[in-house]
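Asker:
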């Protein structure tokens, strides 16, 4: 299971709309490594002039890697984190995640990051089994 959902949030979902603030708090509490990594990237992007910031450091364990994979593989989680932090995320391999400014999806830096060429160039023996 990806998220530890509080009974109150489950009841909210059963009644209809879910508060995005409550959902993001659940993501933060359930997937702390992924949340903190994305928060750090968003902060770096917000305080710099670069087109994007990215993480190239593998997670410390498979548990943290799993958190990152679960966060980025879920459209709901990923979208909520993007809206919460005001960023656009791109993901490569099992730990290289990048934060772009909103709207960057049409620009050359984003296109290069998500290209098949970059995917191939980013391969290395230590990444092949992730």
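In my numbering, the protein residues as written are 706 to 835.
Heads up, the beta-carbon is just placed ideally off N, CA and C, and yes, glycines get one too.
#1: What would DSSP say about residue 759, mapped onto helix, strand or coil?
#2: Hey, how far is the Cα of residue 772 from the Cα of residue 827?
#3: Do residue 725 and residue 785 have their beta-carbon atoms positioned less than 7 Å apart in this structure?
#4: Classify residue 742 as helix, strand or coil using the three-state DSSP reduction.
#5: Looking at C-alpha atoms only, which residue of 736, 720, 709 and 714 is the closest neighbour of residue 727?
Answerer: Inspection of the coordinates gives the following:
#1: The residue you call residue 759 lines up with position 54 of the chain shown. Note: residue 759 maps to strand in three-state DSSP.
#2: Along the chain shown, one-based indexing puts residue 772 at 67. Along the chain shown, one-based indexing puts residue 827 at 122. Going from the Cα of residue 772 to the Cα of residue 827 covers about 21 Å.
#3: Translated into the one-based positions of the chain shown, residue 785 becomes position 80. Translated into the one-based positions of the chain shown, residue 725 becomes position 20. Their beta carbons are under 7 Å apart, which means residue 785 touches residue 725 by this criterion.
#4: Here residue 742 refers to the residue found at position 37 when the chain shown is read from its first residue. Collapsing the DSSP output to three states places residue 742 in a helix.
#5: Locating residue 727 in the chain shown gives position 22, where the first residue counts as 1. When each option's Cα is compared against that of residue 727, the closest is 714.
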